[in-house]
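Asker: Protein chains in written order, with our numbering: chain X, 238 to 429; chain R, 238 to 429.
2 protein chains.
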Amino acid sequence: MEAEGTKDRIINIAGSIFGRFGFQKTTVDEIARAAHKAKGSMYYYFRSKEELFQEVVEAESKVFSRELAKAMNQGNTAKEKLANYTRTRIHLVREMANYYEAMKNDYLVHLDFIETIRKKYDYEEKVRIKMILIEGIANNEFEIGNEDLTAQVLLTILKGFEMPFLLNHKDYEIDNKIECLLRILVRGLEKC
Amino acid sequence: MEAEGTKDRIINIAGSIFGRFGFQKTTVDEIARAAHKAKGSMYYYFRSKEELFQEVVEAESKVFSRELAKAMNQGNTAKEKLANYTRTRIHLVREMANYYEAMKNDYLVHLDFIETIRKKYDYEEKVRIKMILIEGIANNEFEIGNEDLTAQVLLTILKGFEMPFLLNHKDYEIDNKIECLLRILVRGLEKC
DNA sequence: TAGTCGACCAAAATACAATATTAGTCAAAA
DNA sequence: TTTTGACTAATATTGTATTTTGGTCGACTA
């Protein structure tokens, strides 16, 4: 028996094809052929093309989440955790930029199921940031009025930082910017 | 001169039409009719539709700039200036969100002359923020390693903040978020 | 002479019908 | 349980006739 089930194999293959061509320009038959299956078989595992895509995004988000959690836990203090989280997040998103590139065409076609997924992962991320903040408050590292609002704002900042390279603008100074941003954020949250 | 008045009138009328329908879906003839002129007359004042649009953007950017400068100068300290600048900028962009709405269709058609304008005004804005920072350092309000990089990062944060409502997501908590952001930024830059 | 006009043109956008792909189904079979 | 490929309705694409649009120009005027 293969370590990887058929369904997971399809998800992986679909992921690489969706990543190259986006949701709309990828056909179910194309994925089926790449997976050496008949198109009909796809509908044994997934109710629709949308559901297949959703599972691909879900799987990739899990990897994203795991990497982020790992980076975060490599720090001892809340400050370090926030810093590692920020650095890793920005770099991960940057690596995924070419992935987003293919999705750009789908972007205006406002697929509302994507919106749903996005919201869910935004929420998860906010919770994770909030946890760092709460830990920092408990540690006497941070002094924050409203952790929930602050977590939301930090997430907005992080998401804003990805915009430049989400829209082609290459940024060779990104590492300097990240450190500069972190200096402001950490000092801004710090208990002094 | 009378001619200068006509040109400005055309720019204003064109602005409101471009604002409603975007660059592509607005026709030169439409603008001409609204200005009670023949289409040919448009080409007496502007070399092309692009140039007309460019002048519209230029004019509106000037208003934007002036409002920002005004808000900024209402503060006495650098901290106040930064705060006023931030608040005004975010609110101005939000008011313009419906304007951007119409432009969304043009967005993917990557009009590179728009990119040029954007770069120019980004630079101006960065300079303005940098001036606040330098003033703050001179005042002993701020303590900043690299003002240029910091100004760039602040601009990136501000531009990131506009993304949510640039993409429909209405945000009823925006004022709380702005104050929360400002608290972080000001404390993050503060000399303590 | 600065400003306006509208007929005119080539290029681009649109409309529409014919054609081809595609998402999704299903009965049969492995 | 899993796979298949023929099948269909809906969607997308293509080719083409038609219209619209950006832009020009010579004539006109105040």
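Where is the CB? At the ideal position from N, CA and C, for every residue including glycine.
Can you tell me whether GLN389(X) is buried or exposed? The criterion is at least 16 other CB atoms within 10 Å of its CB, across all chains shown.
Answerer: The residue labelled residue 389(X) in the question sits at position 152 within the first sequence. The residue in question, GLN389(X), is buried, as its Cβ has 16 or more Cβ neighbours within 10 Å.
Asker: For a test of the three-state rule: what should DSSP assign to ALA375(R), helix, strand or coil?
Answerer: Numbered from 1 along the second sequence, position 138 holds the residue referred to as residue 375(R). Correct three-state label for ALA375(R): helix.
Asker: Consider the C-beta atom of GLU338(R) and the heavy atoms of the ligand MG; say whether any pair is separated by less than 7 Å.
Answerer: The ligand MG is not part of the structure shown, which contains no ligands of any sort.
Asker: Residues bridged to GLU427(X) by DSSP?
Answerer: Working through the first sequence from its first residue, we reach residue 427(X) at position 190. Partner(s): PHE379(X).
Asker: So what's GLU384(R) in DSSP terms, helix, strand or just coil?
Answerer: Looking up residue 384(R) in the second sequence gives position 147. Note: GLU384(R) maps to helix in three-state DSSP.
Asker: For ASN413(R), which residues in chain X fall below 7 Å Cβ to Cβ?
Answerer: Residue numbering aside, residue 413(R) sits at position 176 when the second sequence is read from its first letter. Within chain X, the residues near ASN413(R) are LEU386.
Asker: Check each residue of the segment 414 to 425 of chain R: if its Cβ is closer than 8 Å to any Cβ of chain X, include it; give the result in chain order.
Answerer: Listed by position, the residues of the segment 414 to 425 of chain R near chain X (Cβ gap below 8 Å) are LYS414, CYS417, LEU418, ARG420, ILE421, LEU422, VAL423, ARG424, GLY425.
Asker: For GLU288(R), count neighbouring Cβ atoms within 10 angstroms of its own Cβ and tell me buried if that reaches 16, exposed if not.
Answerer: On the second sequence, residue 288(R) is found 51 positions in, with the first residue counted as 1. Counting Cβ neighbours within 10 Å, GLU288(R) comes out exposed, since fewer than 16 surround it.
Asker: So, does the CB of ILE394(X) fall closer than 8 Å to a CB anywhere in chain R?
Answerer: Taking the first residue of the first sequence as position 1, residue 394(X) is located at position 157. At least one chain R Cβ lies under 8 Å of ILE394(X).
Asker: What in chain X is Cβ-close to PHE398(R), meaning under 7 Å?
Answerer: Residue numbering aside, residue 398(R) sits at position 161 when the second sequence is read from its first letter. In chain order: THR393, GLY397.
Asker: Note down, in chain order, all residues in the segment 362 to 389 of chain X with a beta-carbon under 8 Å from any beta-carbon belonging to chain R.
Answerer: If the cut-off is 8 Å between Cβ atoms, the segment 362 to 389 of chain X has GLY382, ASN383, LEU386, THR387, GLN389 near chain R.
Asker: Is it true that the segment 270 to 286 of chain X meets the segment 305 to 322 of chain X, where meeting means three or more beta-carbon pairs spaced less than 8 Å apart?
Answerer: Contact between the segment 270 to 286 of chain X and the segment 305 to 322 of chain X is absent, because fewer than three Cβ pairs lie under 8 Å.
Asker: Do you know how far the Cα of GLN291(X) is from the Cα of GLN311(X)?
Answerer: For the purposes of this step, residue 311(X) is identified with residue 74 of the first sequence, where counting begins at 1. For the purposes of this step, residue 291(X) is identified with residue 54 of the first sequence, where counting begins at 1. When rounded, the distance between both Cα atoms is 30 Å.
Asker: How far does the alpha helix (DSSP H) with HIS328(R) in it reach, from first residue to last?
Answerer: As a first step, residue 328(R) must be located in the second sequence, where it is residue number 91. Segment 315 to 332, the alpha helix (DSSP H) holding HIS328(R).
Asker: Taking just the CA atoms, how far does GLU317(R) sit from ILE247(X)?
Answerer: Along the first sequence, read from residue 1 onward, the residue named residue 247(X) stands at position 10. Along the second sequence, read from residue 1 onward, the residue named residue 317(R) stands at position 80. Each residue's alpha carbon lies about 56 Å from the other.
Asker: Going by beta-carbon coordinates alone, are CYS417(R) and THR323(X) separated by less than 8 Å?
Answerer: One-based indexing of the second sequence puts residue 417(R) at position 180. One-based indexing of the first sequence puts residue 323(X) at position 86. Going by C-beta atoms, CYS417(R) is not nearer than 8 Å to THR323(X).
Asker: For TYR358(X) and SER298(X), I'd like the C-alpha separation in whole angstroms.
Answerer: Counting from one through the first sequence, the residue named residue 358(X) turns up at place 121. Counting from one through the first sequence, the residue named residue 298(X) turns up at place 61. One C-alpha to the other measures close to 8 Å.
Asker: Can you tell me whether TYR409(X) is helix, strand or coil according to DSSP?
Answerer: The count along the first sequence starts at 1 and reaches residue 409(X) at position 172. Residue state, collapsed to three classes: coil.
Asker: Starting from ALA308(X) and walking both ways along the alpha helix (DSSP H), at which residues does that stretch end?
Answerer: Counted from its first residue, the first sequence places residue 308(X) at position 71. Looking at the DSSP string, the run of the alpha helix (DSSP H) that includes ALA308(X) is 286 to 310.
Asker: By the three-class DSSP mapping on this structure, what secondary structure does GLN389(X) have?
Answerer: Taking the first residue of the first sequence as 1, we reach residue 389(X) at position 152. Note: GLN389(X) maps to helix in three-state DSSP.
Asker: Return the residue from the list ASN321(R), ILE250(R), LYS407(R) that minimises the CA-CA distance to ASN335(R).
Answerer: Taking the first residue of the second sequence as 1, we reach residue 335(R) at position 98. Nearest of ASN321(R), ILE250(R), LYS407(R) to ASN335(R), Cα basis: LYS407(R).
Asker: Given that a residue counts as buried once 16 or more other Cβ atoms are within 10 Å of its Cβ, and exposed if not, what is ARG326(X)?
Answerer: Taking the first sequence and counting its residues from 1, one reaches residue 326(X) at position 89. It counts as buried.
Asker: Comparing C-alpha positions only, which one of ASP266(X), TYR282(X), ILE250(X), LEU319(X) sits nearest to ARG424(X)?
Answerer: Walking along the first sequence from the start, residue 424(X) turns up at place 187. Here the closest residue by C-alpha is LEU319(X).
Asker: Since ILE421(X) and LEU426(R) should fall inside the 8 Å C-beta cutoff, what is the C-beta to C-beta distance between them, to a whole number of angstroms?
Answerer: Numbered from its first residue, the first sequence carries residue 421(X) at position 184. Numbered from its first residue, the second sequence carries residue 426(R) at position 189. Yes, ILE421(X) and LEU426(R) are in contact; Cβ-Cβ is about 6 Å, under 8 Å.
Asker: Looking at the C-beta of ARG257(R), does it have a partner C-beta in chain X at a distance below 8 Å?
Answerer: Within the second sequence, residue 257(R) is the residue found at index 20, counting from 1. So no, ARG257(R) is outside the interface.
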